[in-house]
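Residue numbers (our numbering): 1451 to 1840. Note that beta-carbon positions come from the ideal geometry of N, C-alpha and C, so glycine has one too. The block underneath contains the structure these notes are about, expressed in structure tokens.
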Amino acid sequence: MSDKPPAHDGIRVRRDGDAFRYFKSGAEPVSLASGESLPREFSCRHPYILELEITWACNLACPHCYVDAPRACPDELTLPEIRTVLAQARAAGMLELSLTGGEVCCRPDLMDVIAAGHEAGFPVRLVTNGTLVTQKIARAWKNAGIELVTVSLDGVDPAVHDAIRGPGSHAKTLAGIAALTEAGLSVSLIAAFSRINFGQLPALWDFARLHRLGLQAQMVSGKGRTPRDLLLSPHQYYELGEQIATIFAAHPHRIVPMDDMVTPSNRFPLNQLARTWQKRCSGGILNLFVRANGDVTPCSALALPENVVGNIREPGGLTMILEEERCRTNLEWCHAKNLHGICAGCPHADVCHGGCPDILLTLCRDRHENEYCYHRLETLAITEALLDPT
């Protein structure tokens, strides 16, 4: 078992990942995970994507949102501060910008932020709940050169989606998606699965295929104000993983399983998801998250107090945080040598190192043993079958 920290070295951009699929070359060449020559590797000094949260304000109040805060951030980054962050990120070699919230439409100077991103040399993506997107807004985003708009859709069934995001939100989200596609923008859906919308993936996949949309799938974790009874059980997680893997095996460039849905398995099609895993958490390497108050974490999934590695308002700003590789230090505990229980003796330990830290920190009783690992669940099922006298 290697003692080398898994998040220390460089990482290749995932061919099957959202970042690769929607990056349009023009600034710098993209590293491929397909064996093609690499211009350079991405690391905690030189991440790939800047996820920039531009506001905490939102017109919805989803129970699973990680923003466990007032409706607006009292010390929200100003436009000049955002320009500084963008310049420092670009100087560090970061290649793509994703603007998120809260709800991005709730930031009055959104178009100025988009322009600042382009002026810094970034292709710009947006993440939105879609409910405030009108035809006028969609055309403005298209004219501004937006790369991709990712829209949260948690169910094709209006009752299911509205149970999560509020009455009437489903119709408004679909209207927003229609406005975006009519404006000629690239659109991808993102669904966060909980007990409320468990079972909605097949219908969401059919909807995405019908309308030629991308689809990202992830699990609701225990951050922010999320009620525990909303969370999937490990067995529901396994079933959802099988559904994602079945689609992914046939359409690897149409569905993106987020890292929280990728753990080792010895069974087909679940073992196909390992193709998207980078043998370590990609937080701080593939992506870096800057919150609306300036706090920096390895990724948006790790928007937790224990994962804050600094603030861009501190001396040295983002540049110092990257040079000191603070994200690597923050995640050094995610290593095979630290695993407990079934995970400690797992043959996949040197590859997964416990899996997604978000799951370990928010869903598991012991952060060194992943109760949501496919292989662990398979091992337990075999053991139970052998011990069952019937």
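Enclosing beta strand (DSSP E) for residue i [first to last residue]
| i | result |
| --- | --- |
| Ala1667 | 1664-1669 |
| Thr1578 | 1574-1578 |
Residue i: first and last residue of the uninterrupted alpha helix (DSSP H) it sits in
| i | result |
| --- | --- |
| Arg1778 | 1776-1780 |
| Val1563 | 1560-1569 |
| His1818 | No alpha helix (DSSP H) holds His1818; DSSP gives it neither H nor E. |
| Pro1807 | 1807-1812 |
| Gly1795 | Neither: Gly1795 is in no alpha helix (DSSP H) and is coded neither H nor E. |
| Asn1593 | 1585-1593 |
| Glu1448 | With the chain represented from 1451 up to 1840, any question about residue 1448 goes unanswered, as that position is not in the structure. |
| Glu1764 | First-last for Glu1764: undefined, no H or E at that position. |
| Arg1826 | 1824-1837 |
Residue burial classification, residue i (beta-carbon count within 10 angstroms, cutoff 16)
| i | result |
| --- | --- |
| Asn1820 | buried |
| Pro1855 | In the structure as shown, the chain begins at 1451 and stops at 1840. Residue 1855 is therefore absent and cannot be evaluated. |
| Asp1453 | Any reading at Asp1453 must be qualified, since the residue scores a pLDDT of 39, below 50, and its modelled position is unreliable; no value is offered. |
| Leu1836 | exposed |
| Gly1767 | buried |
| Lys1622 | buried |
| His1803 | buried |
| Thr1747 | buried |
| Phe1718 | exposed |
| His1825 | buried |
| Ala1841 | Outside the displayed span of the chain (1451 to 1840) sits residue 1841, for which this structure offers no information. |
| Pro1755 | exposed |
| Asn1757 | buried |
| Ser1396 | Not covered by the structure: residue 1396. The range shown for the chain is 1451 to 1840. |
| Leu1665 | buried |
| Thr1833 | exposed |
| Thr1578 | buried |
| Gly1595 | exposed |
| Asp1710 | buried |
| Glu1569 | exposed |
Residue from the options with nearest C-alpha to residue i
| i | options | result |
| --- | --- | --- |
| Val1740 | Phe1657, Asn1761, Arg1730 | Asn1761 |
| Gly1571 | Ser1548, Cys1555, Ala1590 | Ser1548 |
| Gln1538 | Thr1779, Thr1833, Thr1769 | Thr1769 |
| Lys1673 | Asp1607, Pro1608, Leu1811 | Leu1811 |
| Phe1648 | Tyr1516, Cys1512, Ile1614, Ser1636 | Ile1614 |
| Leu1529 | Cys1512, Ala1511, Pro1558, Ala1542 | Pro1558 |
| Thr1779 | Gly1795, Val1759, Cys1796 | Val1759 |
| Glu1411 | Pro1497, Ile1504, Thr1534, Leu1720 | This structure cannot speak to residue 1411, because the chain is shown only from 1451 to 1840. |
| Leu1500 | Gly1580, Ser1636, Asn1737 | Asn1737 |
| Arg1817 | Leu1789, Gln1585, Gly1634 | Leu1789 |
| Pro1714 | Ile1792, Ile1735, Val1801 | Val1801 |
| Arg1495 | Glu1597, Asp1838, Cys1555, Leu1772 | Leu1772 |
| Ala1658 | Leu1681, Asp1838, Ile1705 | Ile1705 |
| His1703 | Leu1690, Ala1831, Leu1723 | Leu1723 |
| Glu1689 | His1514, Asp1838, Thr1829, Tyr1822 | Tyr1822 |
Integer-rounded CB distance, given that residue j should sit under 8 Å from residue i
| i | j | result |
| --- | --- | --- |
| Ala1653 | Leu1603 | With 8 Å as the limit, Ala1653 and Leu1603 do not qualify as a contact, their Cβ atoms being about 10 Å apart. |
| Leu1781 | Pro1807 | 6 Å |
| Ser1644 | Leu1663 | Actually they are not in contact, since the Cβ atoms of Ser1644 and Leu1663 sit about 21 Å apart, beyond 8 Å. |
| Asn1593 | Glu1553 | Not confirmed; about 21 Å, so no contact. |
| Val1601 | Ile1564 | The Cβ separation is near 17 Å, so there is no contact. |
| Ile1587 | Ala1566 | Rounded, the Cβ-Cβ distance is 18 Å, inconsistent with contact. |
| Gly1744 | Leu1527 | 6 Å |
| Trp1655 | Ile1697 | 6 Å |
| Gln1650 | Val1606 | 7 Å |
| Trp1506 | Gly1551 | 7 Å |
| Arg1575 | Leu1598 | 4 Å |
| Ala1908 | Cys1523 | The shown model of the chain, from 1451 to 1840, leaves out residue 1908, and the question about it has no answer. |
* **Length-filtered (4 minimum) alpha helix (DSSP H) runs lying within the segment 1680-1762** => Unbroken alpha helix (DSSP H) stretches of 4 residues or longer found wholly inside the segment 1680-1762: 1684-1700, given in chain order.
* Asked: Fully enclosed by the segment 1489-1545, which alpha helix (DSSP H) runs are 4 residues long or longer?
  -> 1529-1541
* Contained beta strand (DSSP E) runs [length at least 3] in the segment 1595-1660, N- to C-terminal order -> 1598-1602, 1637-1643
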